[in-house]
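*Asks:* Let me begin by handing over the structure; questions about it come next.
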Amino acid sequence: MANPLKGEVIRLYKTLLYLGREYPQGSAYFRDRLKSAFMKNKDVTDPEKVKKLVARGEFVIKELEALYFLRKYRAMKQRFSSRKVTRHFIGVWIMTIAKKLQLIIKKQTYT
C-alpha cells in the first residue's frame, strides 16, 4: 500500500468497523467480512487502484448509513402508524433525516 494513502485506508477501515456495530446480521459477521475484504486487497500498491477501492468503501459507508436510517424509519412507522398525527410527525422526521444525510454527504465530500 502506498504511504500517502495508508492513512485514508486506515480511516476507512475504522469508519466501517464503527458502522458495523449496528449491522443487522451482527457485528461479528460484519467484522469478519470487512477483514476478509481488506485482506484480499492488502497487496494492492497501485495508487489508482487504491483510490478506486477507497471510493468503493466510501460508497459502502453511504449505503450502510442509508440502511440504518431506513431501519429507524420503519421502526418509527410501526410504532406510530395508528395515529393521525403520525403522518405529520413522520414527515417532519424524514425531513430532519434528509437534512442530516445531506450534511453527512457534504462533510464526506469536503474531507
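The numbering of the sequence shown is the UniProt record's numbering, which starts it at 1 and goes up by one. The beta carbon of each residue, even a glycine, is placed where N, CA and C say it ideally should be.
(1) Tell me which residues share the same chain as G57 and place their Cβ nearer than 6 Å to its Cβ, disregarding the 5 neighbours each side in the sequence.
(2) Please classify Q25: does DSSP put it in a helix, a strand, or coil?
(3) So, with DSSP's three-state summary, where would you put R9?
(4) Taking the alpha-carbon positions, what's the I104 to K62 distance?
(5) Is it buried or exposed, L70, if we count other Cβ atoms within 10 angstroms and call 16 or more buried?
(6) Given a threshold of 16 other Cβ atoms within 10 Å of its Cβ, counted over all protein chains shown, does F59 qualify as buried or as exposed?
(7) Could you tell me the distance, in whole angstroms, from the CA atom of D32 to the CA atom of Y68?
(8) Exposed or buried, which one is M26 when buried takes at least 16 other CB atoms within 10 Å?
(9) Using the three-state DSSP reduction, which class does K42 fall into: helix, strand or coil?
(10) Once the 5 residues before and after I97 are set aside, which same chain residues still bring their CB inside 6 Å of it?
*Replies:* On the basis of the data shown:
(1) L12
(2) coil
(3) In the sequence as displayed, the identity of residue 9 is Val instead of Arg. Helix, per DSSP.
(4) 9 Å
(5) exposed
(6) exposed
(7) 20 Å
(8) For the record, residue 26 in the displayed sequence is Gly; it is not Met. By the 10 Å Cβ count, G26 comes out exposed.
(9) coil
(10) F69
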